[in-house]
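> Here you go, one structure.
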Amino acid sequence: MTTEGKDRAIKVDKSNMLELKNACDEALKEYLESTAGYRQSHRHTDIKLLIGYLGCAAAGAGSYYGYYHPFELSETKFWTFVSVVIYFLCNALMTLYAYFIEKETVFTGSKTTANGTQTITVGSSVKHYNPYYDLDIRMDFSGARAGSGSSSVTKTKKWTHQQFSTAFRFWFDEDGVLAQDQFEADIVKFLANTEATHLE
Numbered sequence: 079m080t081t082e083g084k085d086r087a088i089k090v091d092k093s094n095m096l097e098l099k100n101a102c103d104e105a106l107k108e109y110l111e112s113t114a115g116y117r118q119s120h121r122h123t124d125i126k127l128l129i130g131y132l133g134c135a136a137a138g139a140g141s142y143y144g145y146y147h148p149f150e151l152s153e154t155k156f157w158t159f160v161s162v163v164i165y166f167l168c169n170a171l172m173t174l175y176a177y178f179i180e181k182e183t184v185f186t187g188s189k190t191t192a193n194g195t196q197t198i199t200v201g202s203s204v205k206h207y208n209p210y211y212d213l214d215i216r217m218d219f220s221g222a223r224a225g226s227g228s229s230s231v232t233k234t235k236k237w238t239h240q241q242f243s244t245a246f247r248f249w250f251d252e253d254g255v256l257a258q259d260q261f262e263a264d265i266v267k268f269l270a271n272t273e274a275t276h277l278e
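The sequence shown finishes on residue 278 if you use my numbering, and the numbering steps up by one all the way, no holes.
Dropping the structure here:
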């Protein structure tokens, strides 16, 4: 995939579904941050990095201990075993977190509106041999409104969830260049349709 400049042309290999998805993911994240005004949360990335650092620290500590103590000692074998187990568990935990919690999430962010805070979570996916970009959008709205009393305030919380699917051919030309205007127009429509339905 090639990109150039602010209003860059995004070009991909149209036969590569992963490239098509990644191009749309990046364009979507850029739109949500730069135009829609959401501030991205990096919580999932931070948690996975923390787990990865813990695993590397355990492996490093085991290597450090083994470097200064003969491996034939039972204490060295024990601490090497412990470090390997911790490293394995951290890798397993990171995989489980990505599969069960992060799932297909490509963007999580929030912004302040006149009615409170609006949080968005967007997941994307593609199916094998099915050239469609599937979007899963969830919005949470939290704020406050005046209650029945003159000084009482009631906290409100609403949410909405919608799914959309669009063929890549509507967004990419014959050369594999993303039609940014059409893509963003459809994203605006998806967001508006999602925001229009509030569930308590």
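Cβ coordinates follow ideal geometry from the N, Cα and C atoms, glycine included.
To the nearest angstrom, how far is the alpha carbon of A274 from that of T199?
16 angstroms
> Between the segment 173 to 185 and the segment 99 to 107, are three or more C-beta pairs nearer than 8 angstroms?
Touching, per the Cβ criterion.
> From which residue to which residue does the alpha helix (DSSP H) around G133 run?
R121 to Y146
> Taking just the CA atoms, how far does T191 sit from K233?
CA-CA distance, K233 to T191, rounds to 15 angstroms.
> Report the partner residues of G221 according to the DSSP bridge assignment.
G221 pairs with T234.
> My guess is that S220 and T195 are in contact by the Cβ rule of under 8 angstroms, so how many angstroms apart are they, rounded?
5 angstroms
> In the structure shown, what three-state DSSP assignment does A101 receive?
helix
> If you measure between the beta carbons of G130 and M172, is that distance less than 8 angstroms?
yes
> Going by the beta-carbon positions, is the gap between Q260 and F248 smaller than 8 angstroms?
yes
> Alpha carbons only, please: which of S93, K89 and A87 is nearest the one belonging to H206?
Of the candidates S93, K89 and A87, the one whose C-alpha sits nearest the C-alpha of H206 is S93.
> Compare the beta carbon distance of R143 and W157 with 8 angstroms and say whether it is the shorter of the two.
In the sequence as displayed, the identity of residue 143 is Tyr instead of Arg. Against a cut-off of 8 angstroms, the Cβ pair of W157 and Y143 comes out as a contact.
> Quick one: is Y177 buried, meaning 16 or more other Cβ sit within 10 Å of its Cβ, or exposed?
exposed
> Where does D259 sit, in a helix, a strand or coil, going by DSSP?
helix
> Going by C-alpha distance, which of K126, S112 and D218 is nearest A170?
Per the Cα distances, K126.
> Mind checking V266: buried by the 16 CB within 10 Å criterion, or exposed?
exposed
> Determine the contact status of N271 and Q241, defining contact as a CB-CB distance below 8 angstroms.
No, Cβ-Cβ distance for N271 and Q241 is not below 8 angstroms.
> Suppose you measure from the CA of A245 to the CA of D91; what does that come to, to the nearest Å?
15 angstroms
> When the Cα of Y211 is compared with those of G201, D103 and S243, which residue comes out closest?
S243
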